[in-house]
Amino acid sequence: MKALSRARLSNYRTFFGVDEDRAAYGLYCWNDAISAALSRALGFTEVALRNQFHTALSARYGVGGTISRDWYAHLRLNPKSTDLIRKITHERRRLSGVYQLVPRSPAPSPDDVVSKLSFGFWPHVLDISHDCAHRPLDWAEMLTEIMPGHRNNSVGFWNRPKNRDMLFARIDFCKDLRNRIAHLEPVWKAGPLMTEGRARIERKIRVERFAPANPAEALTRLQIAYDRVLELLKWLSPGLHDVYMAGEAHHRFESLNRIAALDAYKRHGGHRRMASVNLNAYRSLRRLKKELRGIGRRHGAAEVRHGGLPLARWIPVV
Numbered sequence: 006m007k008a009l010s011r012a013r014l015s016n017y018r019t020f021f022g023v024d025e026d027r028a029a030y031g032l033y034c035w036n037d038a039i040s041a042a043l044s045r046a047l048g049f050t051e052v053a054l055r056n057q058f059h060t061a062l063s064a065r066y067g068v069g070g071t072i073s074r075d076w077y078a079h080l081r082l083n084p085k086s087t088d089l090i091r092k093i094t095h096e097r098r099r100l101s102g103v104y105q106l107v108p109r110s111p112a113p114s115p116d117d118v119v120s121k122l123s124f125g126f127w128p129h130v131l132d133i134s135h136d137c138a139h140r141p142l143d144w145a146e147m148l149t150e151i152m153p154g155h156r157n158n159s160v161g162f163w164n165r166p167k168n169r170d171m172l173f174a175r176i177d178f179c180k181d182l183r184n185r186i187a188h189l190e191p192v193w194k195a196g197p198l199m200t201e202g203r204a205r206i207e208r209k210i211r212v213e214r215f216a217p218a219n220p221a222e223a224l225t226r227l228q229i230a231y232d233r234v235l236e237l238l239k240w241l242s243p244g245l246h247d248v249y250m251a252g253e254a255h256h257r258f259e260s261l262n263r264i265a266a267l268d269a270y271k272r273h274g275g276h277r278r279m280a281s282v283n284l285n286a287y288r289s290l291r292r293l294k295k296e297l298r299g300i301g302r303r304h305g306a307a308e309v310r311h312g313g314l315p316l317a318r319w320i321p322v323v
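For the sequence shown, the working numbering gives the first residue as 6, with consecutive numbering after it.
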């Protein structure tokens, strides 16, 4: 407990109304588990995001290949985005007694550059208005290729600035969520939820939901966040979305984002006692399932063995 610090666990005690260290630590473990499930969805989304943008921009800008080009060297990026690119394509060397940024040799491929760009780079790609020859970018056309799964996917829809602002806000929301998880912050702890858009002279951003005030509201907010991530993934790649939905991470999130999961983690304190289950002792699958369910109700886990050899470990989700 000292390694985690009482200050870190005090957030759990206060918000979830628990007094014992064991219960607070159990909730800390719950946060870790549900963060891992969310992180999986965000990982799928980030990969799809950069690949979709990279493919569409490479088809129009850059040199060096047919489907993967250095488009970032041919567009008028903002200074911060330019610096992010140069940190990958250049290195610091001391020349004539002065440190300077010089191109790496050999130069990293466009695929290497794109794979190293952070999530935070991508929303601001939508702010690029012109290429280096001062020609305007046709975002409306490109976004129909980047977002094939969007329900309103058309040139007319993406030609409206407020719709591109909504997309910027969605990508930025997912980026902020990813950063919270990466920095080991409590994923259930959130501020006000804003309407999706960007503040403009003619359009203000308003509060859609206030900050969660109790565990039930925190779970509702987590579900909203998760749904937004999955919706962005579906816009980018319906096929990859279907692959994710069929996987274990989705079912794990759904199991963890419940009051019953909070209660279970409070009781077993993030620790399960391992029981040994020998397959030879059960004449039917029905009896084996009954035994495993009993272990689960006692918040334990099981090492399944056959002939003295371990076959698998059975660990209930909650």
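Glycine included, C-beta positions come from ideal geometry on N, C-alpha and C.
For residue i, three-class secondary structure by DSSP
i      : result
Tyr66  : coil
Asn283 : strand
Arg263 : coil
Leu142 : coil
Val23  : coil
Glu190 : coil
Arg18  : helix
His311 : strand
Met152 : coil
His246 : helix
Glu213 : strand
His135 : strand
Leu337 : Since the first residue of the chain shown is 6 and the last is 323, residue 337 is not available in this structure.
His256 : helix
His95  : strand
Leu182 : helix
Ala112 : coil
Integer Cβ distance of residue i from residue j, believed to fall under 8 Å
i      : j      : result
Phe21  : Leu32  : 6 Å
Tyr249 : His256 : That pair is no contact at about 11 Å.
Val282 : Leu43  : Actually they do not touch by this definition, with Cβ atoms about 31 Å apart.
Ala195 : Ala216 : 6 Å
Asp116 : Ser73  : 5 Å
Contact check, residue i vs residue j, beta carbons under 7 Å
i      : j      : result
Met171 : Gly125 : no
Trp325 : Leu142 : Lying before the first or after the last residue shown, residue 325 is absent from the chain, which here runs from 6 to 323.
Asp177 : Pro128 : yes
Ala53  : Leu245 : yes
Ala307 : Ala280 : yes
Leu238 : Phe49  : yes
Asn262 : Leu227 : yes
Trp76  : Gly67  : yes
Tyr30  : Gly299 : no
Ile93  : Lys121 : yes
Cys179 : Val118 : no
Residue i CB to nearest heavy atom of the ligand FMN below 6 Å
i      : result
Ser242 : As presented, the structure is devoid of all ligands, the ligand FMN included, so that no description of it is given.
Length of the line joining the Cα atoms of residue i and residue j
i      : j      : result
Glu146 : Thr19  : 50 Å
Leu284 : Arg310 : 6 Å
Leu224 : Ala41  : 15 Å
Arg45  : His188 : 15 Å
Gly312 : Lys294 : 19 Å
Asp362 : Arg318 : Here the chain has residues from 6 to 323 only, and residue 362 is not among them.
Arg210 : Met199 : According to the sequence displayed, residue 210 carries Ile and not Arg. Their backbone Cα atoms lie some 7 Å apart in a straight line.
Val160 : Pro153 : 12 Å
Ser260 : Cys34  : 14 Å
Ala265 : Trp240 : 32 Å
Arg27  : Glu253 : 28 Å
Tyr17  : Gly301 : 24 Å
Leu80  : Ile39  : 39 Å
Pro324 : His139 : A question about residue 324 goes unanswered here, because the residues of the chain that appear run from 6 up to 323.
Arg11  : Phe258 : 27 Å
Arg156 : Ala174 : 17 Å
ask   = Per the contact definition of three or more C-beta pairs closer than 8 Å, is the stretch 284-295 in contact with the stretch 47-63?
value = no
inquiry  = Across the stretch 234-245 and the stretch 206-218, are there enough close Cβ pairs to call them in contact, namely three or more that are closer than 8 Å?
reply    = no
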